[in-house]
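**Student:** Structure incoming, see below.
Numbering (my numbering), first residue to last: 21 to 251.
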């Protein structure tokens, strides 16, 4: 089994570009698949030029070959990023995060006992009117956002992050004004508010700090060959 030359590999890249492969990481996967297929089938293509081998091999590919590669890669990447997200969520139960969660909850508890539970309404107004703009700004100014149109794994991460942002925006509105309002304000209800907003603060830390940090680490290890500059 012979190894393809750099020039021959480049010809396969040129082919994927002519086929309008949108994402570079998908393009690399397709090139690797085609190159491996030609190398492994070398005996069948014995004494033929690379151009002929390439023509015959690609002619045997199914009509949805490119779609299958991208679809399979998309499923794998989605599974990977959701796993990273839940691993980050689990970190909430680690001592440093638990301590921070308790401290933030105590701050909210102090504010609501000191100034009245009406403080929660001000938090609600902030979430309803200002958080969407803050979330949208942070989402669009992530340091890796500029690469999302070129790399599928970044595009999927960005989509997942937006879903999480949507949850962070909607959940406080639903919980605060559809659950807590059924109860008469007392120390237990105030404690419930405080714990909820403390948890929400932990989630905000995860999606704005922990997730991007882990994402960058993934790029440095798994996608180092792409030479992406995320600094």
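Glycine included, C-beta positions come from ideal geometry on N, C-alpha and C.
Computed from a predicted model, the values in this text were never measured in an experiment.
(1) Is the stretch 204-219 in contact with the stretch 119-129, if contact means three or more CB pairs nearer than 8 Å?
(2) Can you give me the start and stop residues for the alpha helix (DSSP H) that residue 86 sits inside?
(3) Excluding five sequence neighbours on each side, which residues of the same chain lie with their C-beta closer than 7 Å to the C-beta of residue 234?
(4) Shortest alpha-carbon distance to residue 88 belongs to which of 50, 74, 70, 102?
(5) Residue 214: buried (16+ other C-beta within 10 angstroms of its C-beta) or exposed?
(6) Let me check understanding here. Comparing Cα to Cα, which of 75, 37, 133 lies closest to residue 206?
(7) Let's see if you can read the secondary structure: which residues bound the alpha helix (DSSP H) around residue 124?
(8) Measure the C-alpha to C-alpha separation of residue 185 and residue 223 and round it to an integer number of angstroms.
(9) So, is residue 118 buried or exposed, given that buried needs 16 or more other C-beta atoms within 10 angstroms?
(10) How would you call residue 74, buried or exposed, if buried means at least 16 neighbouring beta carbons within 10 angstroms?
(11) Is residue 82 helix, strand or coil by DSSP?
(12) Can you grab the Cα-Cα spacing for the pair residue 70 / residue 92, in whole Å?
(13) Reducing DSSP to helix, strand and coil, say where residue 241 ends up.
(14) Around the Cβ of residue 135, are there at least 16 other Cβ atoms within 10 angstroms (buried) or fewer (exposed)?
**Tutor:** Checking against the coordinates, here is how it stands:
(1) Yes, since at least three Cβ pairs between the stretch 204-219 and the stretch 119-129 fall closer than 8 Å, the two stretches touch.
(2) Start and end: 85-110.
(3) Result list for residue 234: 104, 108, in chain order.
(4) The candidate whose alpha carbon is nearest that of residue 88 is 50.
(5) Residue 214 counts as buried, since at least 16 other C-beta atoms from the protein chains shown sit within 10 angstroms of its C-beta.
(6) Residue 133 is the option with its Cα nearest to residue 206.
(7) First-last of the alpha helix (DSSP H) with residue 124: 115-135.
(8) The straight-line gap from Cα to Cα measures roughly 10 Å.
(9) When all chains shown are included, residue 118 counts as exposed.
(10) Around the beta carbon of residue 74, 16 or more other beta carbons lie within 10 angstroms, which makes this residue buried.
(11) Correct three-state label for residue 82: coil.
(12) CA-CA distance, residue 70 to residue 92, rounds to 28 Å.
(13) Residue 241: helix per DSSP, three-state reduction.
(14) Counting of Cβ neighbours within 10 angstroms places residue 135 among the exposed residues, the total staying below 16.
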